[in-house]
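Quick note: the first sequence uses the UniProt record's numbering, first residue 1, plus one each step. Here a beta-carbon is modelled for each residue, glycine too, at the ideal position from N, C-alpha and C. Computed from a prediction, not measured in an experiment: that's the story for all the values here. Okay, so here's the structure we're looking at.
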Amino acid sequence: MEASSSLPMLAASSFLPPPQLLAPTCPRRAIPFVRVTAQTLEVPEAPKALRPSPRRSAVAEVKASPDPVAALNRFEDVLQTQDCNIILRHCGDTRRWDDLSKVFEWMQEREMTNAASYSSYFKYLGLSRDPARALQVYGAIQDRPMRVQVSVCNSVLGCLVKNGRFDSSFKLYDEMIREGLSPDPFTYSTLLSGCMKLKQGYTKAMGLINEMKSRCLQMDSVIYGTLLAICASHNYCEEAEVYFQKMKDEGHSPNLFHYSSLLNAYSENADYGKAEMLMKDLRSSGLTPNKVMLTTLLKVYSKGGIFEKAKELLTELEASGFAQDEMPYCILIDGLVKGGKIEEAKVLFNEMKGKGVKSDGYAFSIMISALHRGGHHQESKQLAKEFETKNASYDLVMLNTSLRTYCSTNDMESVMRMLKKMDELNISPDNITFNTLIRYFCNAKVYHLAYKTIEDMHTKGHQLNEELCSYVMVQLGKAGFPSEAFSVYNMLRYSKRTVRKSLHEKALGILVSAELLKDAYIVVKDNAELISPSSLEKFARSFMVSGNINLINDVMKALNRSGWRISQDIFGRAIQRYIRKPDKKHLLLCLLDWMTGQGYSVDSSSRNLLLKNAQLFGQNQLIAEILSKQQTASRTIGQRHKK
DNA sequence: GTCTGTAACG
């Protein structure tokens with residue numbers, strides 16, 4: 001446990017982390033503070049830039065060229081790596097993403113890349129929303145020291161975080177650490193900002209903070225700001241207060257970021273009293289609340305249902321020019337809707353539109369959803385159409401919202417239009433999209449389409465909604481598609497860790513009615529103990545009559561394993577089957593033997609049937625012996641049961 | 001003149 005006890009081993013191995021990682025205490029100051037001045041660097045005054053160098057003018061010419069690659073080719077002999085980096089950054093800064101990649105590839109072909117090239121390139125790939133390419137280029141780096149170069153790692157991680165690929169950023173970070181990365185504060189800043197929108201973001205952030213401490217890296221004001229934002233977005237109000245105080249104790253004075261994050265934490269629980277106190281504290285510290293701060297305060301009032309104060313504040317925001325985008329209206333509209341004041345919400349929404357405030361779709365989506373939930377389907381649909389005619393831009397949430405309202409008004413044409421839009425915009429459907437469509441197809445009673453959608457959803461790795469899929473399964477069974485029903489059953493079983501036990505019974509019922517007895521056996525084999533005796537009985541009876549004869553004995557064993565006592569009627573049916581197929585006599589003998597071992601016996605009519613047909617099997621003697629053994633055994637067991 | 005990060009809405 002203690003770091004000291006493992007020190008001798010440490011000395012022998014260079015693969016272990018440095019000792020300061022094992023010892024939780026840090027030296028007083030890990031990184032000495034060095035003021036970098038001309039004196040400390042002692043760089044002699046360079047007489048450069050007296051005349052334009054050929055490299056400089058080449059850079060200028062490539063920068064200005066509409067075809068940078070052609071220009072690069074002209075100056076190939078003049079340009080050095082750092083010159084190319086300047087050109088690369090210029091492409092990025094001017095947002096010419098195609099040229100950016102072309103220049104980078106040109107540099108790669110001539111092995112003119114260094115850490116700075118990679119760092120910059122990944123940064124711009126992040127800005128151009130191309131994390132896939134960044135991952136691809138990073139993965140192709142052969143040189144291990146380059147792969148763990150801290151600025152290279154930071155920029156590729158930043159690219160992932162910026163594009164919402166939080167899980168892959170943490171996965172990649174772990175790989176980098178295994179390969180030997182030594183993270184710096186930039187690394188932690190980047191990763192922490194990824195925690196804000198992560199489900200388990202708070203826990204993840206705590207892990208990172210501890211890791212940072214063990215590496216003796218200092219917390220700074222921005223990292224505190226990020227941390228407070230993480231607390232607010234995960235509703236860790238008390239923790240936010242603690243960090244706010246801790247930060248002050250460490251000598252960082254809070255700025256508007258810190259105040260508004262803490263206020264945001266209060267707004268989640270609509271803690272109006274604490275919010276007011278915080279505003280007082282802010283003013284007394286000499287800061288002036290800005291647009292974000294006041295908008296967050298509006299959220300406190302709005303969530304708390306203090307609509308009079310909220311409206312007053314909104315008027316103030318308007319007067320200060322802080323209500324030029326839809327955000328504050330959205331907050332109040334949302335609060336009104338959730339407070340059951342849908343009419344007031346509608347009035348405010350129309351007021352907002354009347355004032356010419358532009359909407360990115362947030363206000364529309366709040367109103368469309370609210371009207372939909374309230375059962376005002378036509379009105380909701382009208383808003384969705386209005387949004388469409390305004391030619392506003394769509395994202396996944398807006399598409400899902402519109403889709404839902406079009407589905408509920410059975411507007412197939414519009415549903416298709418939304419799906420087409422989704423495709424064109426390269427927006428991948430999510431759980432909500434799929435479930436909306438499945439419900440729609442169910443209501444329209446087109447179960448094969450519901451089935452296709454479930455299949456698609458499953459293939460794309462989304463977790464299925466059990467209640468909905470189970471309904472579709474039953475409907476598919478009723479509509480005469482038992483194989484599809486069974487397929488839904490299997491998708492549910494393999495996409496969820498646990499399913500309700502009634503699912504097995506439902507599936508079994510469908511399969512037995514459709515005489516898909518082999519599939520029914522699959523259901524029974526793994527879940528017999530979750531299925532009611534009457535369903536098992538029904539299955540067993542059908543199987544004995546028309547199931548695959550070679551599986552009869554296996555079915556018996558599976559049923560018996562579940563603890564269900566097989567009735568003599570079932571055995572009777574099995575025996576009748578076997579008697580009609582004398583070439584399966586070995587199976588019959590096996591069954592009779594097994595029955596004896598399990599304390600089962602045949603009833604008298606089966607017994608007579610067997611004895612009468614024994615010569616068919618050429619085993620008169622053997623069958624008679626087994627039957628007699630069985631009677632003795634069952635009598636003993638019967639007596640034991642009576643006791 | 002290599003990389004980084006913080007606040008409000010569906």
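Q | Candidates M544, K506, L228, of which the one nearest P482 by Cα | A | Out of M544, K506, L228, K506 has the C-alpha closest to the C-alpha of P482.
Q: Look up D98 in the DSSP assignment and say whether it is helix, strand or coil.
A: Here DSSP, grouped into helix, strand and coil, assigns D98 to helix.
Q) Okay, do the region 481-497 and the region 531-545 touch, 3+ Cβ pairs below 8 Å being the bar? A) With a cut-off of 8 Å, the region 531-545 and the region 481-497 do not count as touching, because too few Cβ pairs lie within range.
Q: List the endpoints of the continuous alpha helix (DSSP H) containing F571.
A: Element bounds for F571: 568-580.
Q. From V555 to K584, what distance separates their C-alpha atoms?
A. The C-alpha of K584 is placed about 16 Å away from the C-alpha of V555.
Q: Return helix, strand or coil for D249, following the three-state DSSP convention.
A: Of the three classes helix, strand and coil, the one that applies to D249 here is helix, per DSSP.
Q: Quick one: give me the first and last residue of the alpha helix (DSSP H) that F486 is part of.
A: Note, F486: alpha helix (DSSP H), 482-495.
Q | Alpha-carbon to alpha-carbon, V222 and P32 | A | At P32, the pLDDT of 38 sits below 50, so the modelled position is not reliable and the matter cannot be decided from this model.
Q: With E529 as the anchor, note down where its alpha helix (DSSP H) starts and where it stops.
A: Here E529 belongs to no alpha helix (DSSP H), and DSSP marks it neither H nor E.
Q: Could you tell me the boundaries of the alpha helix (DSSP H) in which M112 lies?
A: M112 -> no alpha helix (DSSP H), and no H or E assigned at all.
**Q.** Beta-carbon contacts of R147 that lie in its chain and below 7 Å, excluding the five residues immediately before and after
**A.** Sequence-distant partners of R147 (beyond 5 residues in either direction) whose C-beta falls short of 7 Å from its own C-beta, in its chain, are I141, E179.
Q: Output yes or no for whether 8 Å exceeds the beta carbon distance between G201 and I230.
A: A contact, by the Cβ cut-off of 8 Å.
Q.
For F539, tell me which candidate among D526, N550, Y521, T436 has the shortest Cα-Cα distance.
A. Closest by alpha carbon: Y521.
Q) A345 to K525, Cα distance in whole Å? A) Within the model, the alpha-carbon separation for A345 versus K525 is close to 56 Å.
Q.
With H, G and I counted as helix, E and B as strand and the rest as coil, what does DSSP make of D143?
A. D143 carries a coil assignment under DSSP once its states are collapsed to helix, strand and coil.
Q: In angstroms with no decimal places, state the Cα-to-Cα distance between E424 and W564.
A: Going from the Cα of E424 to the Cα of W564 covers about 56 Å.
(Q) Helix, strand or coil, according to DSSP, for D83 in the structure here? (A) D83 falls in the helix class under three-state DSSP.
Q. Y362 lies in the alpha helix (DSSP H); which residues open and close that run?
A. In the DSSP assignment, Y362 falls within the unbroken alpha helix (DSSP H) covering 362-373.
Q) So, are the CB atoms of G194 and S155 less than 8 Å apart? A) Result no, Cβ atoms of G194 and S155 do not sit closer than 8 Å.
Q | Where D411 falls: helix, strand or coil (DSSP) | A | Correct three-state label for D411: coil.
Q. In the region 172-207, which residue ranges form an unbroken alpha helix (DSSP H) of at least 4 residues, counting only runs that do not cross its ends?
A. Here the runs fully enclosed are 185-195.
(Q) So, with DSSP's three-state summary, where would you put D77? (A) D77 carries a coil assignment under DSSP once its states are collapsed to helix, strand and coil.
Q: Could you tell me which residues DSSP pairs with D325 in its beta bridges?
A: K358.
Q | Cβ contact (3+ pairs, closer than 8 Å) linking the region 357-374 and the region 391-398 | A | In this structure the region 357-374 lies against the region 391-398, because at least three pairs of beta carbons, one per stretch, are closer than 8 Å.
Q: Take M352 and list the residues in its own chain whose beta-carbon comes closer than 7 Å to its own, dropping the five residues that flank it on each side.
A: Answer for M352: E326, Y329, A363, listed in chain order.
Q | Assigned secondary structure, H586 (DSSP; H/G/I helix, E/B strand, else coil) | A | Look at H586 here: in three-state DSSP terms it is helix.
Q) How would you call N264, buried or exposed, if buried means at least 16 neighbouring beta carbons within 10 angstroms? A) Burial call: buried.
**Q.** S119 vs S151 beta-carbon contact at 8 Å
**A.** Against a cut-off of 8 Å, the Cβ pair of S151 and S119 comes out as a contact.
Q) I think L287 touches Y243, with their Cβ atoms under 8 Å apart; what is that distance to the nearest whole Å? A) Actually they are not in contact, since the Cβ atoms of L287 and Y243 sit about 18 Å apart, beyond 8 Å.
**Q.** Best match in I438, D220, E386, T203 for proximity to E239 [C-alpha to C-alpha]
**A.** Closest by alpha carbon: T203.
**Q.** Inter-residue Cα distance where the pair is F15 and D143
**A.** Per-residue confidence for F15 stands at a pLDDT of 36, beneath the threshold of 50, marking its modelled position as unreliable; no derived number is given.
Q. Straight-line CA distance for L191 to I87?
A. L191 and I87: Cα-Cα distance of roughly 29 Å.
Q) When you compare only the Cα positions, how much space is there between D334 and F349? A) The alpha-carbon atoms of D334 and F349 are separated by roughly 10 Å.
Q.
Classify G480: buried if its beta carbon has 16 or more other beta carbons within 10 angstroms, exposed otherwise.
A. Counting Cβ neighbours within 10 Å, G480 comes out exposed, since fewer than 16 surround it.
Q: Decide if E625 is buried, meaning its Cβ has at least 16 other Cβ atoms within 10 Å, or exposed.
A: A residue is called buried once 16 or more other Cβ atoms fall within 10 Å of its Cβ, and E625, having fewer, is exposed.
Q. Given that a residue counts as buried once 16 or more other Cβ atoms are within 10 Å of its Cβ, and exposed if not, what is N163?
A. The residue in question, N163, is buried, as its Cβ has 16 or more Cβ neighbours within 10 Å.
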